Every structure is written in C-alpha cells, then in structure tokens.
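Peer 1: First to last, the sequence lines map onto chains U and E.
Quick note on numbering: our numbering labels position 18 of the first sequence as 1389, and the sequence is numbered without any gaps.
Quick note on numbering: our numbering labels position 47 of the second sequence as 984, and the sequence is numbered without any gaps.
Sharing a structure, written as structure tokens. Questions coming.
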Amino acid sequence: KAGVTQTPRYLIKTRGQQVTLSCSPISGHRSVSWYQQTPGQGLQFLFEYFSETQRNKGNFPGRFSGRQFSNSRSEMNVSTLELGDSALYLCASSPLPSGANVLTFGAGSRLTVL
Amino acid sequence: AQSVTQLDSHVSVSEGTPVLLRCNYSSSYSPSLFWYVQHPNKGLQLLLKYTSAATLVKGINGFEAEFKKSETSFHLTKPSAHMSDAAEYFCVVSPPNGGYQKVTFGTGTKLQVIP
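This is the structure in structure tokens:
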C-alpha cells in the first residue's frame, strides 16, 4: 500500500510569506503528527491530530497551525515566515494515537526561507 | 511525564565491528520504546519496538535492543557494522495507548562507519 505522502518536497519562500504543507497518511491511519527537524534543535514535535481533532501541541508560536480533514489528510500552515523556520518538516501517520503504534514517516518537506 | 536521553551525539566504528548506541528513558508509566533510523534527506524508518513483551527485541538489518527496567535503558546494538548503517538513529518513548502525552524523541546519534 502507498506510504505517507508529503507535498511539496522542496520549497523556497521569503520572510513574511506563508506556507501550507500537505500530508496524506497511509490508508486507514487516522492519526497524523508533524515534526520540525533542524540541525540545531533536532526533531521537535509540532502537533498531533486524530479524527480531525488536535490532541497535542508542541511549544511553537501561534504562527504554526494545522488541521486534519475527514479523510485523515492533514495540512500545516506557517504564517509570517522567519528565517528560523527553515527546516525539514516531517509528517507521520499511525492507526491510532500514541502507545505501541508505529509511526510511519513521509520523506518530508524541506522549507527554505530567504 | 516522560523523557529520553541519547548519551552520544556521534559514534564512530570500523566496518565489521560491533555497534552500541545508548538510550536512557524516564517514564511514570510503562512506556513503549522505539528505535528509528534516518538516512540523509530521508524520513525516519522503524528499526524495532518494545511494547512490554520480550525484553530483547530484534529489528531489521541485524539490529537488536534490550529493555532494562532496572537501568531505565534501551540500548541499540549490532554485532557487525556495515557501511550502509551510517545514518542518524533516534530513540523514542511513547505513552500507553490512548495516552495524551506526546511521543518524545531523543536528540539523535549519528553513526559513522569507517571502511
């Protein structure tokens, strides 16, 4: 079956712009989580969605937001981009949230902010 | 509450020698523990997971990890390193099913394999 699909894979934006990233989970997976990965901060949890509800949110400013649709696809949005938002954004899906469920990751969306 | 500490940010081994990547965890409940691997410019891939069954867990590509509750450790080992093992490895702790604690990732260990 198809894996986790993230689009776009690469994008370049300028400061002040906004960006929307998309994540299509594995069919049947209802939990989607997002992570920001940078060389300095490592992997940081952004948010987790299950059945269209946000279950958890990491320590990021309100410029970072997300949502999940009824088909479990998820989007995250970053407004008023800053240089420090340059990162690899990873999405992961699982059948259920937390616990012993294995996270299946997408290849990521690499955002560069100029 | 839960946390995970990867004790080495970088590990360098010669090809054919054993690999040891160390991970300690802290949890107020019985956690699930995972090791993931990330090759350059790729997403993370599951190596193995522990979910309160056997304490010695075998994963893909010859890796295994042992859950030691008394030491709160979950170290990753491989008897003989291969060049293709060069990657970054993440130890992860997860709350019980349905728990509202988020999944917590370690800071990662970069494994270098010297030919």
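Virtual Cβ for every residue (Gly too), placed ideally from N, Cα, C.
Note that the coordinates shown come from a computational prediction; the quantities given were computed from them, not determined experimentally.
Any C-beta of chain U sitting closer than 8 Å to the C-beta of E:T1044?
Peer 2: Yes - at least one Cβ of chain U is within 8 Å of the one on E:T1044.
Peer 1: Counting only runs that start and end within the stretch 1399–1424 of chain U, where is the beta strand (DSSP E) found for 3 or more residues in a row?
Peer 2: Listed in chain order, they are 1402–1409 and 1413–1421.
Peer 1: What residues from chain U crowd round E:V974, counting only those whose CB sits closer than 9 Å?
Peer 2: The premise fails here: E:V974 is roughly 11 Å from chain U at the closest Cβ pair, so nothing lies under 9 Å.
Peer 1: I'd like the list of long-range same chain contacts for U:L1485, defined as Cβ closer than 6 Å, with 5 residues on each side in sequence excluded.
Peer 2: Once the five neighbours on either side are set aside, the close Cβ partners of U:L1485 are T1385.
Peer 1: From U:R1481, U:N1472 and U:L1461, pick the residue whose C-alpha is nearest to that of U:Q1401; which is it?
Peer 2: According to the sequence as given, residue 1401 of chain U is Arg; it is not Gln. Closest option to U:R1401, Cα to Cα, is U:N1472.
Peer 1: Step through the CB atoms of chain E and report whether any lies within less than 8 Å of the CB of U:N1430.
Peer 2: False, the Cβ-Cβ gap to chain E never drops below 8 Å.
Peer 1: Suppose you measure from the CA of U:L1467 to the CA of U:Y1420; what does that come to, to the nearest Å?
Peer 2: Roughly 10 Å separates the two Cα atoms.
Peer 1: Which chain U residues are close to E:L944, counting only those with a beta carbon under 7 Å from its beta carbon?
Peer 2: Those within 7 Å of E:L944 in chain U number zero; the least Cβ separation is about 15 Å.
Peer 1: Buried or exposed for E:A1002, going by 16 or more other Cβ atoms inside 10 Å?
Peer 2: Per the 10 Å Cβ criterion, buried.
Peer 1: Among E:V950, E:T1046 and E:D1022, whose alpha-carbon lies nearest the alpha-carbon of E:R959?
Peer 2: The shortest Cα separation from E:R959 among E:V950, E:T1046 and E:D1022 belongs to E:T1046.
Peer 1: For U:L1452, which three-state DSSP category applies?
Peer 2: Reduced to three states, the DSSP call for U:L1452 is coil.
Peer 1: Starting from E:T942 and walking both ways along the beta strand (DSSP E), at which residues does that stretch end?
Peer 2: That run of the beta strand (DSSP E) goes Q939 to Q943.
Peer 1: Here's the rule: buried if 16 or more other CB atoms are within 10 angstroms of the residue's CB, otherwise exposed. What is U:S1445?
Peer 2: Per the 10 Å Cβ criterion, buried.
Peer 1: For E:T1009, which residues of its own chain have a beta-carbon under 6 Å away from its beta-carbon, when the five flanking residues on both sides are left out?
Peer 2: Here the set comprises N961 and Y962.
Peer 1: Assign E:E1025 to one of two classes, buried (16 or more other C-beta atoms within 10 Å of its C-beta) or exposed (fewer than that).
Peer 2: Buried, by the Cβ-count rule.
Peer 1: Report the residues of the stretch 960–985 of chain E with a CB closer than 9 Å to any CB of chain U, ordered along the chain.
Peer 2: Cβ contacts with chain U come from S969, F971, Y973, Q975, N978, K979, G980, L981, Q982 and L983.
Peer 1: Between E:F1011 and the rest of its own chain, which residues show a CB-CB distance below 7 Å, the 5 nearest in sequence each way excluded?
Peer 2: Within the same chain, E:F1011 has close Cβ partners C960, Y962, L970, Y987, A1002, F1004 and C1028.
Peer 1: At a Cβ threshold of 8 Å, is U:E1423 touching chain E?
Peer 2: It does not; no Cβ of chain E falls within 8 Å.
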